[in-house]
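The structure under discussion appears below in the form of structure tokens.
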DNA sequence: ATATAAAGTTAGACATTACTAACAAAATTA
DNA sequence: TAATTTTGTTAGTAATGTCTAACTTTATAT
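Chains as they are written, first to last, in my numbering: chain A, 1 to 219; chain B, 1001 to 1219.
Okay, here's the thing in structure tokens:
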């Protein structure tokens, strides 16, 4: 039996995994807001349970079992977010904290019912892909808005590392997933972008904001 | 901040409270499946937090604060059960375990949304009353089927201390809340009841089963 | 009214999950 | 390459919530 605490570590490892699937202890510590010695000892304990591979002074990787568990928790989280938005009338800026708790509920039936009621959605309300029952994720072909060049016209398809405050900010700018944007101008000295979308012709977004926005090419 | 564990103790105290609102440590221990010394020490800790009144060797009572907290958890549990049955297509025999977990979610908004979607229900799928936001419970005028006399015609209005197995058994007998029953016969030697309802003329229920069924007079 | 049974408490141990302080290894920079 | 910074580990402590063993108080029954 995996505890809620352990589930949170596995989820973090899944989310933070770089190209090699590795995550440093320091990175994990900062992400979870838990001090490094605690993380180290948890890594030992998860390694004993065969959920991660851990060698002292080396980055941590999830085992196949660990990865499956992590994907299952992320699936529960994202299905919950989608259910709250689509079926219960919550805003996309209100669902993270609730999903953070509901994701730990031990009942496949509950999440399968959500999945079905939502007609098996592929993405959550923030554009993040929802793993299927086998833990498989269908990653869309996305890049950051901050990487787009002047003149490009693309579609907003995801928001990453989003605080509720940032989502409320997007609401206030009338930016939603699906909005079609054109990059009008990039300020050389601070990376500020000027964008046009809908009837808006010169909305200004900071570079930091643009790094949190994912876009797709138009189809 | 009250932990999940503490919430479970408060809920149990609320449910087990007798006419004086008292509960013995032993009773609590058996109900929760937790050994008595653990219960004793938890009672001390809850008393320090002003959630219960505890004097050694005396039964425990909830304080006003404790009672309010307990009612809030029970409200969450029963709203969740009702939501799962009415909005998600679960059977009344499938929802207890899920609600047992969801009841600990810290989000008034979630339960208020359920309440609204269900149009502010007064009872859960097992006929138990749902406390309102202020912790007030509207107890209906119910008695046990085991207390009814031969010839009485009443309406099934609640199921108490019900295991999932017992609920499945009721399903198999086609007994639901609202079913109108007539007590045809009570066996003197073992308390077995013969009941008629719908087209069924002589369904036999044990005394133990009849003690778990609550009924109301017809209106 | 005393013996026995039931209920309740105390003391001490243990697992989990967190922390701080001190130290060690690895990476970076001068 | 040597010094410094960053990253990571070890050791020791603490809170929470559980347990068993031993003991005490209260209730029950003969």
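Just so you know, even glycine gets a beta-carbon here, dropped at the ideal spot from N, CA and C.
Between residue 1147 of chain B and residue 1121 of chain B, the C-beta spacing is not below 9 Å.
Out of B:1197, B:1181, B:1158, the CA that lies nearest to the CA of residue 1139 of chain B is found in B:1158. Exposure of residue 1064 of chain B is indicated by the presence of fewer than 16 other C-beta atoms within 10 angstroms of its C-beta. The C-beta of residue 1034 of chain B comes no closer than 9 Å to any C-beta of chain A. Using a CB distance cut-off of 9 Å, residue 88 of chain A counts as an interface residue toward chain B.
Collapsing the DSSP output to three states places residue 1142 of chain B in coil.
As the crow flies, the alpha-carbon of residue 1043 of chain B is around 21 Å from that of residue 1103 of chain B. In this structure, DSSP gives residue 1197 of chain B an extended state, which the three-state scheme calls strand. Here residue 161 of chain A is exposed, its C-beta having fewer than 16 other C-beta atoms within 10 Å. Put simply, the CB of residue 1073 of chain B is far from chain A, with every gap to its CB atoms at 9 Å or more. Under the three-state reduction of DSSP output, residue 147 of chain A falls in the helix class. For the region 82-111 of chain A, the residues whose beta carbon sits under 9 Å from a beta carbon of chain B are, in order, 84, 87, 88, 89, 90, 94, 97, 98, 101, 102, 104, 105, 106, 107, 109, 110. When only Cα atoms are considered, residue 217 of chain A and residue 155 of chain A end up about 6 Å apart. Exclusion of the five residues before and after residue 69 of chain A leaves 2, 7, 10, 51 as the residues of its chain whose Cβ lies within less than 8 Å of its Cβ.
Residue 13 of chain A and residue 5 of chain A do not touch by the CB rule: their CB atoms are close to 13 Å apart, not below 8 Å. Listed along chain A are 84, 88, 89, 90, each with a C-beta nearer than 9 Å to that of residue 1113 of chain B. If you draw a straight line from the Cα of residue 1131 of chain B to the Cα of residue 203 of chain A, it comes to about 49 Å. The beta-carbon separation of residue 1174 of chain B and residue 1198 of chain B, rounded to 7 Å, stays under the 8 Å limit for a contact. The C-beta of residue 141 of chain A has fewer than 16 other C-beta atoms within 10 Å across all chains shown, which makes the residue exposed. For residue 1165 of chain B, no CB of chain A lies under 9 Å from its own CB, so it is not counted at the interface with that chain. When DSSP states are grouped into helix, strand and coil, residue 180 of chain A belongs to the strand group. Under the DSSP assignment, residue 217 of chain A falls outside any alpha helix (DSSP H), being part of the beta strand (DSSP E) whose first and last residues are 213-217. Proximity to residue 1215 of chain B across B:1073, B:1178, B:1047, B:1038 peaks at B:1178, based on C-alpha coordinates. Around the beta carbon of residue 1060 of chain B, 16 or more other beta carbons lie within 10 angstroms, which makes this residue buried. Within its own chain, the residues whose Cβ lies closer than 6 Å to the Cβ of residue 186 of chain A, once the five positions on either side in sequence are excluded, are 150, 193, listed in chain order.
Just measuring C-alpha positions, the residue of A:196, A:71, A:53 sitting nearest residue 133 of chain A is A:71. Taking all protein chains in view, the Cβ of residue 128 of chain A is crowded by 16 or more other Cβ atoms within 10 Å, so the residue is classified as buried.
Residue 1167 of chain B and residue 1092 of chain B do touch by the CB rule: their CB atoms are close to 6 Å apart, below 8 Å.
For residue 137 of chain A, there is no enclosing beta strand (DSSP E), as DSSP marks it with neither H nor E.
Under the three-state reduction of DSSP, residue 1007 of chain B is assigned to helix. Taking a C-beta distance under 9 Å as the contact criterion, residue 53 of chain A and residue 111 of chain A do not qualify as a contact pair. Residues of the region 1115-1129 of chain B with a C-beta atom less than 8 Å from some C-beta of chain A are 1117, listed in chain order. Per the coordinates, the alpha-carbon of residue 116 of chain A lies some 19 Å from the alpha-carbon of residue 1081 of chain B.
In this model, residue 114 of chain A and residue 1188 of chain B are separated by some 50 Å (Cα to Cα). For residue 48 of chain A, the number of other beta carbons within 10 angstroms of its own is below 16, and it is reported as exposed. Looking at the DSSP output, residue 1155 of chain B bridges to B:1180, B:1216.
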